[in-house]
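Worksheet for the structure shown next.
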Amino acid sequence: QQQVKQSPQSLIVQKGGISIINCAYENTAFDYFPWYQQFPGKGPALLIAIRPDVSEKKEGRFTISFNKSAKQFSLHIMDSQPGDSATYFCAASSAGANSKLTFGKGITLSVRP
Amino acid sequence: NAGVTQTPKFRILKIGQSMTLQCTQDMNHNYMYWYRQDPGMGLKLIYYSVGAGITDKGEVPNGYNVSRSTTEDFPLRLELAAPSQTSVYFCASSYFVHGYEQYFGPGTRLTVT
Numbered sequence: 001q002q003q004v005k006q007s008p009q010s011l012i013v014q015k016g017g018i019s020i021i022n023c024a025y026e027n028t029a030f031d032y033f034p035w036y037q038q039f040p041g042k043g044p045a046l047l048i049a050i051r052p053d054v055s056e057k058k059e060g061r062f063t064i065s066f067n068k069s070a071k072q073f074s075l076h077i078m079d080s081q082p083g084d085s086a087t088y089f090c091a092a093s094s095a096g097a098n099s100k101l102t103f104g105k106g107i108t109l110s111v112r113p
Numbered sequence: 114n115a116g117v118t119q120t121p122k123f124r125i126l127k128i129g130q131s132m133t134l135q136c137t138q139d140m141n142h143n144y145m146y147w148y149r150q151d152p153g154m155g156l157k158l159i160y161y162s163v164g165a166g167i168t169d170k171g172e173v174p175n176g177y178n179v180s181r182s183t184t185e186d187f188p189l190r191l192e193l194a195a196p197s198q199t200s201v202y203f204c205a206s207s208y209f210v211h212g213y214e215q216y217f218g219p220g221t222r223l224t225v226t
């Protein structure tokens, strides 16, 4: 059972466009939702994260939108650049002694010049 | 700070051989993790540790063993390598599990033939 599902599986966007990656979760106990960015040949790195007490968080060109009732959150990349071409993972975790970070399968974003 | 370092970067093993993947972090994090990444499958947790001397299984522990004798080091042991263990392995560390950034190493690409 996949607890965190990403869509689309891959995405191609023109330079300057908006990239939107969606993530749906099933476990209502999740209350921490990070996005990780991975460049080829590198390990993932935290990009931005949100908690459900806010509906949106913005850091530069990157915004997370959170919809608690729909159990969905999404990453928006404004003014997408070729340097944003990478694999993006959404993830989720809940509090508790056995808490673990559950990752989605990742999507590959290609930004065309 | 070097962050999380992993050795080796690449390795080819024959079926049935054994090896140890090394992982070291210099951030004094209590929590450390081993993930494997297969194409289109995201990151799967193999083992994790909440502190020196304490380890526990993740989602896909079969065929692997770990130890944590110090805060800094968290080696992953593969016994009797099988083709199904062909993957990219990432070590990560964090201050705490829930709500905190996980810092990833650069990965080890392992091929078992």
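Heads up: the protein sequence lines correspond to chains F and D, in order.
At position 20 of the first sequence the residue is numbered 20 (my numbering), and the sequence of numbers has no breaks.
Count along the second sequence starting at 1, add 113, and that's the number in my numbering.
Beta carbons are placed, not taken as given, at the ideal position from N, Cα and C, and that holds for glycine.
When the Cα atoms are used, what is the spatial distance from S93(F) to P121(D)? Residue mapping note: residue 93(F) aligns to position 93 of the first sequence, counting from 1. Residue mapping note: residue 121(D) aligns to position 8 of the second sequence, counting from 1. Rounded to whole angstroms, S93(F) to P121(D) spans 30 Å at the Cα level.
Endpoints, beta strand (DSSP E) assigned at Q14(F): Start at 1 with the first residue of the first sequence, and residue 14(F) comes out as number 14. Looking at the DSSP string, the run of the beta strand (DSSP E) that includes Q14(F) is 10-14.
Report the neighbours of P8(F) on chain D: residues whose CB is nearer than 8 Å to its CB, in chain order. For the purposes of this step, residue 8(F) is taken as residue 8 along the first sequence, with counting starting at 1. For P8(F), none of the residues of chain D pass the 8 Å Cβ criterion, the least Cβ distance being about 13 Å.
Rounded to the nearest angstrom, what separates A195(D) and E214(D) at their Cα positions? As a first step, residue 195(D) is located in the second sequence; it is residue number 82 there, counting from the start. As a first step, residue 214(D) is located in the second sequence; it is residue number 101 there, counting from the start. The alpha-carbon atoms of A195(D) and E214(D) are separated by roughly 32 Å.
Three-way DSSP call (helix, strand, coil) for S93(F) in this model: Working through the first sequence from its first residue, we reach residue 93(F) at position 93. Annotated three-state conformation of S93(F) is strand, per DSSP.
Beta strand (DSSP E) runs contained entirely in the stretch 135-207 of chain D, provided each spans 3 or more residues: The stretch 135-207 of chain D contains these whole beta strand (DSSP E) runs: 144-150, 156-164, 167-170, 177-179, 189-191, 200-207.
Is F89(F) close to chain D? Criterion is C-beta to C-beta, closer than 8 Å. Mapped onto the first sequence, residue 89(F) falls at position 89. For F89(F), the answer is yes, since a Cβ of chain D falls inside 8 Å of its Cβ.
Can you check which of these residues, Y177(D), C204(D), G171(D), is closest to F187(D) by C-alpha distance? As a position in the second sequence, residue 187(D) is number 74, starting the count at 1. By alpha-carbon distance to F187(D), the top candidate from Y177(D), C204(D), G171(D) is C204(D).
If you drop the 5 nearest sequence neighbours on each side, which residues of the same chain put their C-beta closer than 7 Å to that of N141(D)? Indexing the second sequence from 1 puts residue 141(D) at position 28. The answer, listed in chain order, is T184.
With H, G and I counted as helix, E and B as strand and the rest as coil, what does DSSP make of P82(F)? Position 82 of the first sequence holds residue 82(F). Shown here, P82(F) sits in a helix according to DSSP, grouped into three states.
Using a Cβ cut-off of 9 Å, pull out every chain F residue sitting near P196(D), in sequence order please. Translated into positions along the second sequence, residue 196(D) becomes position 83. Residues of chain F passing the Cβ test: none, with the nearest at roughly 22 Å.
Closer than 8 Å at the beta carbon, the chain F residues around V210(D): In the second sequence, counting from the first residue as 1, residue 210(D) sits at position 97. Here the neighbours are S93, S99, K100, L101.
Cβ atoms of G155(D) and K105(F): under 8 Å apart, would you say? Translated into positions along the first sequence, residue 105(F) becomes position 105. Translated into positions along the second sequence, residue 155(D) becomes position 42. The answer is yes: Cβ separation under 8 Å.
Which residues in chain F sit within 9 Å of G220(D), going by Cβ to Cβ distance? Residue mapping note: residue 220(D) aligns to position 107 of the second sequence, counting from 1. Going along chain F in sequence order, the residues near G220(D) (Cβ under 9 Å) are G41, K42, G43.
For V201(D), I'd like the list of residues in its chain whose CB is within less than 6 Å of its CB, leaving aside the five on either flank, ordered along the chain. Mapped onto the second sequence, residue 201(D) falls at position 88. These residues qualify, in order along the chain: Q150, G220, R222.
Name the chain F residues whose beta carbon is nearer than 9 Å to that of G153(D)? Stepping through the second sequence from its first residue, residue 153(D) is reached at position 40. Contact of G153(D) with chain F by beta-carbon distance below 9 Å involves Q9, K105, G106.
Cutting at 7 Å between CB atoms, please list the residues of its own chain near P8(F), excluding the five before and the five after it. As a position in the first sequence, residue 8(F) is number 8, starting the count at 1. Short of 7 Å from the beta carbon of P8(F), and not among the five residues preceding or following it, lie these beta carbons of its own chain, in chain order: I107.
Thinking just about the alpha-carbon of each residue, which of R61(F), E56(F), G60(F) is nearest to the one in N67(F)? Mapped onto the first sequence, residue 67(F) falls at position 67. Across the set R61(F), E56(F), G60(F), the C-alpha of E56(F) shows the shortest separation from the C-alpha of N67(F).
Is the stretch 29-39 of chain F touching the stretch 94-103 of chain F in the sense that three or more CB pairs, one from each, lie closer than 8 Å? Touching, yes, given that three or more Cβ pairs across the two stretches are closer than 8 Å.
Classify L193(D): buried if its beta carbon has 16 or more other beta carbons within 10 angstroms, exposed otherwise. Taking the first residue of the second sequence as 1, we reach residue 193(D) at position 80. Exposed is the label assigned to L193(D), since fewer than 16 other Cβ atoms lie within 10 Å of its Cβ.
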